[in-house]
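A.B. asks: Structure below; questions to follow.
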Amino acid sequence: MASGSPGAACVTRETVQALSTRMREPDWVRARRAAAWDAFEQLPMPLVTHPEKWRRTELGDLDPGAFCLPNGTGDTAQPRFIGTIAREAGERAGLVTHLDGSLAARELTAAAARQGVLLSDIATAVREHPDLVRDHLMTTVAMPDEHRFRALHAALWTGGTFLYVPKGAEVVLPIVSQTWLGVQGCALFPHTLLIAEEGSSVTLVELFASTGDGGRTLSSGAVELILRAGARVQYAAVQEWGLSMWEVGSLIRAHLARDASLRSLVVALGGGLVKVDVESQLRGPGASSEMLGVYFGTGGQQVNFHTLQEHRAPSTSSDLLYRGAVKDTARAVFSGLIRVDPGAQKTNAFQANRNLILSRGARSDSIPMLEIMADDLRCTHGSATSHLDDEQVFYLMSRGISRKRAAFMIVEGFFADIFDRIPRERVRSYLRARVAEKLI
Amino acid sequence: MAANNPLGIDLDHYEWGFRDPEKYVFKARKGLDREIVEMISSMKGEPEWMRAFRLHSLEHFLRRPLPTWGADLTQIDFNDIYYYLKPTDGKGHTWEDVPEGIKRTFDRLGIPEAEKKYLAGVGAQYESESVYHNLKEEWEKLGVIFLDTDSALREHPDIVREYLGTVVPPEDNKMAALNSAVWSGGSFIYVPAGVSVDIPLQAYFRINAERAGQFERTMIICEPGSYVHYIEGCTAPVYTTDLLHSAVVEIIVKEGARCRYTTIQNWSTNTYNLVTKRAVAYRDATMEWVDGNIGSKITMKYPSVYMVEPGAKAEVLSLVFAGKGQSQDPGAKVIHAAPHTQSTVVSKSIAKDGGRAGYRGLVKVYPGAVGSKCAVRCDALILDDRSRSDTYPSMEVDEMDASITHEATVSKVSDEQLFYLMSRGIRADEAMNMIVRGFIEPVVKELPLEYAVELNRLIAMEMEGSVG
Chain A
39 MASGSPGAAC VTRETVQALS TRMREPDWVR ARRAAAWDAF EQLPMPLVTH
89 PEKWRRTELG DLDPGAFCLP NGTGDTAQPR FIGTIAREAG ERAGLVTHLD
139 GSLAARELTA AAARQGVLLS DIATAVREHP DLVRDHLMTT VAMPDEHRFR
189 ALHAALWTGG TFLYVPKGAE VVLPIVSQTW LGVQGCALFP HTLLIAEEGS
239 SVTLVELFAS TGDGGRTLSS GAVELILRAG ARVQYAAVQE WGLSMWEVGS
289 LIRAHLARDA SLRSLVVALG GGLVKVDVES QLRGPGASSE MLGVYFGTGG
339 QQVNFHTLQE HRAPSTSSDL LYRGAVKDTA RAVFSGLIRV DPGAQKTNAF
389 QANRNLILSR GARSDSIPML EIMADDLRCT HGSATSHLDD EQVFYLMSRG
439 ISRKRAAFMI VEGFFADIFD RIPRERVRSY LRARVAEKLI
Chain L
83 MAANNPLGID LDHYEWGFRD PEKYVFKARK GLDREIVEMI SSMKGEPEWM
133 RAFRLHSLEH FLRRPLPTWG ADLTQIDFND IYYYLKPTDG KGHTWEDVPE
183 GIKRTFDRLG IPEAEKKYLA GVGAQYESES VYHNLKEEWE KLGVIFLDTD
233 SALREHPDIV REYLGTVVPP EDNKMAALNS AVWSGGSFIY VPAGVSVDIP
283 LQAYFRINAE RAGQFERTMI ICEPGSYVHY IEGCTAPVYT TDLLHSAVVE
333 IIVKEGARCR YTTIQNWSTN TYNLVTKRAV AYRDATMEWV DGNIGSKITM
383 KYPSVYMVEP GAKAEVLSLV FAGKGQSQDP GAKVIHAAPH TQSTVVSKSI
433 AKDGGRAGYR GLVKVYPGAV GSKCAVRCDA LILDDRSRSD TYPSMEVDEM
483 DASITHEATV SKVSDEQLFY LMSRGIRADE AMNMIVRGFI EPVVKELPLE
533 YAVELNRLIA MEMEGSVG
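As they're listed, the protein sequences go chains A and L. Numbered according to the numbering used here, the first sequence spans residues 39 to 478. Numbered according to the numbering used here, the second sequence spans residues 83 to 550.
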């Protein structure tokens, strides 16, 4: 059960030490957690350090130090989607399940294991493959001192998936990682580390969910994707948090080496407040990144996405498409930056954001930005915000379709060009069904 | 040459960098405090309310931190600037009345010649004070007022008091507060209901002294159904120290009226140009900003239109060129605060020789502004690999029934385009010029012919040597 409720400072330096002791962590992990805790204590709230990025997010009196870590397991009634997306064992190469911040189960097919693929939670990886974790965990991709929530994450990470794909290995079936929080009023800091070695290929699908309404719950996650030369990775993160969840300051960041290719999809359907950075750094020539996003805010949800396409090497390409809808009094913020560093010639970068406002009272902000420091390139971005087109609704209704059904068809059509780019039918049909439910 | 030079632009590189010997009737000491502000106010013989307005603004300026976004302003030493320089006693109503030295300056810039040929009225400001203001009689008879703002305060205090600070309050931003504290000169235009001033009015702004600041305050009031086109140009000498120009422009466009405001900014590249320009458009009114930024070291300027009644329209055309050492951060803000308002923003930026050009903008649609439409288009050309282009648009849509689009592209002049033209026998540099001219055409075509010609020549000049 929950070991406390928000209000008093629940997490302290001792909590961090106790966590290390309970997990029997080596000294280097202990030291890093302690340093991150120092950074957390020193850093002000991100509105102070990064005003432009945080001023549209209404955190209210949120105190990140006032949440306890889950202790034991709570509500084990898992959401429907766990098991929906890769139901049959024969449809996946591996599965990791995290319940309330600890590993509950893991499996990996013999075929994948034979190729040398490693799949576990991070805590296990620290014990079994310390060198790999030590070299990569929050050392090159994500940094503990980027802002206050990231520092807290670095001090308290628990759960999360470690996936290592050796050179040349090709994992055909997707690997699924699922994270479930069944406890109210506590905080979760899942950390995913994926290393795809040269020429390897893999698909990782991550699902996040938590129990429904109740005391406010905090999550601040980090996903580090490391793609070595020629690696091909498909990554999907689908989140269906309960409405009491505030996911604040989460990060999905990829480093792409020469000729690496990443296709990412981020779906945000749940959560009371969701604020996630999704970033691709193209660090080697020929690297390419496709970034897709879907968000749908209903009720009083706040959804914030900040994307970065950073071209650090020549002849790289990125293609971003985020589509979001807001209904009731929901508020969405999309801000996306394409940055082309000096010397990154022959860059081809594209960014598009489309927003649909479905109710009076819903709000949508779109901030597509460009910072271009090379000349031989092509960068474009586009943004459009509109509402349900009366003429389209009328057209459908004149064919005998009810208004409700017509609205659904138009919204489905709005998301279709992202859904159509998702290669797995099970994910597609699941998302369609969820959008339909939220529309009611 | 000068006669064809309404903008102070010539084929030679920054010809207008010359300076006159400093001969001032009065030059305030450097720096800014309560005493300086009171001195400016008393020298101008202002009413008490204006003195209070200035002092209130000064307090706000001193309290307010520098903006942390945009270009780097930390190099400005606000205590190393002359805030008030009075070049002459009285103001000329004919060019002959203007003191010889100053007249020579404006002759070189071609202003008197331009007035004769194609302007309805001309104002000329030298440092802090207006030295010449004239409106052709036919417009005066119709009740049009075209004065420098100091004279307007004396002659029409009620109108000035009614509108001053209502569009840009001193608390709006730090530079607006500074202007409100030390403003001097600027144009005041009042167009009575139904009067259409169908040839442009122009004002020309010149800074001459080293470490000088110019803080003109311009107000335009268009009564219902009227029309006016106002053009401003600006130049300054080249110094090793920096100059500061911080204007405030307030425009009120009433029901069914239309106002067009054209700026050709060609400050020397040691000038900080930090300007607040804003218009309020009422029912069915139209406000158009045509904003050309060629000069200055740093420009931060975001012409805005608040559409506060149904049917108001806004158009912003922004053209910016950033060369060596320049950081151009212009943009636009369109605020849809009433139903069925429409706006268009077109921005064209060119960066070259390590310059930094961009667009920063805001589209805001308030709840209830049903049927609002806005389209923003930003195109950028980068001409070499040392230059930089930034685009920072924000769209905040709080109304369901609105349609907002934004598009931007950044590219270089493609080899195919150059090759195509060259295969038709056109030289490389000329081909480059043609492509750039085509790129800026949507903005340039909105200028009166004389200005369009000059602007094209200026761009051609800036483009020199860009084909290696």
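Note that beta-carbon positions come from the ideal geometry of N, C-alpha and C, so glycine has one too.
(1) Here's the rule: buried if 16 or more other CB atoms are within 10 angstroms of the residue's CB, otherwise exposed. What is A:R301?
(2) Looking at L:S425 and L:V452, is the spacing between their C-beta atoms short of 8 Å?
(3) Return helix, strand or coil for L:L191, following the three-state DSSP convention.
(4) Select from the segment 123-157 of chain L all residues with a C-beta closer than 8 Å to any C-beta belonging to chain A, and list them in chain order.
(5) Which residue's Cα is closest to the Cα of L:K223: L:L401, L:I158, L:V273, L:K112?
(6) For a minimum of 3 consecutive residues, which ranges assigned as the beta strand (DSSP E) are wholly contained in the segment 254-322 of chain L?
(7) Mapping DSSP to helix, strand and coil, what is A:H344?
(8) May I ask you to verify whether the segment 201-220 of chain L touches the segment 242-250 of chain L, counting CB pairs closer than 8 Å and requiring at least 3?
(9) Closer than 7 Å, Cβ to any Cβ of chain A: which residues of the segment 486-498 of chain L, in chain order?
(10) What runs of the alpha helix (DSSP H), each 4 residues or longer, lie entirely inside the segment 146-191 of chain A?
(11) Quick one: which chain A residues come within Cβ less than 9 Å of L:L465?
(12) Could you compute how far the alpha carbon of L:E244 sits from the alpha carbon of L:Y208?
(13) My guess is that L:E298 and L:A329 are in contact by the Cβ rule of under 8 Å, so how many angstroms apart are they, rounded?
(14) Quick check on L:F501: buried or exposed, where buried means 16 or more other Cβ atoms within 10 Å of its Cβ?
(15) Report buried or exposed for L:I464, applying the criterion of at least 16 other Cβ atoms within 10 angstroms of its Cβ.
(16) So which residues of chain A does L:E478 contact, with C-beta pairs closer than 7 Å?
(17) Near L:A234, what residues of its chain come up, given a Cβ to Cβ distance below 6 Å and the 5 sequence neighbours on each side ignored?
(18) Provide the residue(s) that pair with L:N352 in DSSP beta bridges, ordered along the chain.
(19) Name the DSSP bridge partner or partners of L:K395?
(20) Closer than 8 Å, CB to CB, is A:C417 near chain L or not?
(21) Just checking my contact of A:A368 with A:A412 at CB under 8 Å: how many whole Å lie between their CB atoms?
(22) Count the other CB atoms, across all protein chains shown, that sit within 10 Å of the CB of A:L396; report buried if there are 16 or more and exposed otherwise.
(23) With a CB to CB cut of under 7 Å and the five nearest residues on each side skipped, what residues in its chain are close to A:R466?
(24) Quick check for students: name the residue ranges of the beta strand (DSSP E) that lie wholly in the segment 478-517 of chain L, counting only runs of 3 or more.
(25) What does the alpha-carbon distance come out to for the pair L:E120 and L:L137?
(26) So who's on the other strand from A:N391, going by DSSP bridges?
(27) What's the gap between the Cα of A:L523 and the Cα of L:R519?
(28) What's the call for A:V164, buried or exposed, on a 16-neighbour Cβ count within 10 Å?
(29) For A:R51 and L:S400, what's the separation of their Cα atoms in angstroms?
(30) In angstroms with no decimal places, state the Cα-to-Cα distance between A:L358 and L:L140.
(31) What is the rounded straight-line gap between the Cα of L:G183 and the Cα of L:L326?
(32) If you measure from the beta carbon of L:Y343 to each beta carbon in chain A, is any gap under 8 Å?
(33) Taking only three categories from DSSP, how would you classify A:K205?
(34) Start and end of the beta strand (DSSP E) containing L:D411?
(35) Taking a Cβ distance cut-off of 9 Å, strictly less, list which residues of the segment 499-532 of chain L are near chain A, in chain order.
(36) Under 8 Å between C-beta atoms, does A:M83 make it to chain L?
C.D. replies: Working from what's here:
(1) buried
(2) no
(3) helix
(4) T150, W151
(5) L:V273
(6) 269-273, 283-288, 299-304, 309-317
(7) strand
(8) no
(9) I486, T487, H488, E489, A490, T491, V492, S493, K494
(10) 148-152, 160-166, 168-174
(11) D413
(12) 27 Å
(13) 5 Å
(14) exposed
(15) buried
(16) D403
(17) V242, F270
(18) Paired residue(s): none; L:N352 is not in a bridge.
(19) L:T368, L:Q424
(20) yes
(21) With 8 Å as the limit, A:A368 and A:A412 do not qualify as a contact, their Cβ atoms being about 38 Å apart.
(22) buried
(23) F457, I460
(24) 484-493
(25) 8 Å
(26) A:Y360, A:S421
(27) An answer regarding residue 523 of chain A cannot be provided, because it is not within the stretch 39 to 478 covered by chain A.
(28) buried
(29) 54 Å
(30) 47 Å
(31) 23 Å
(32) no
(33) coil
(34) 409-418
(35) none
(36) no
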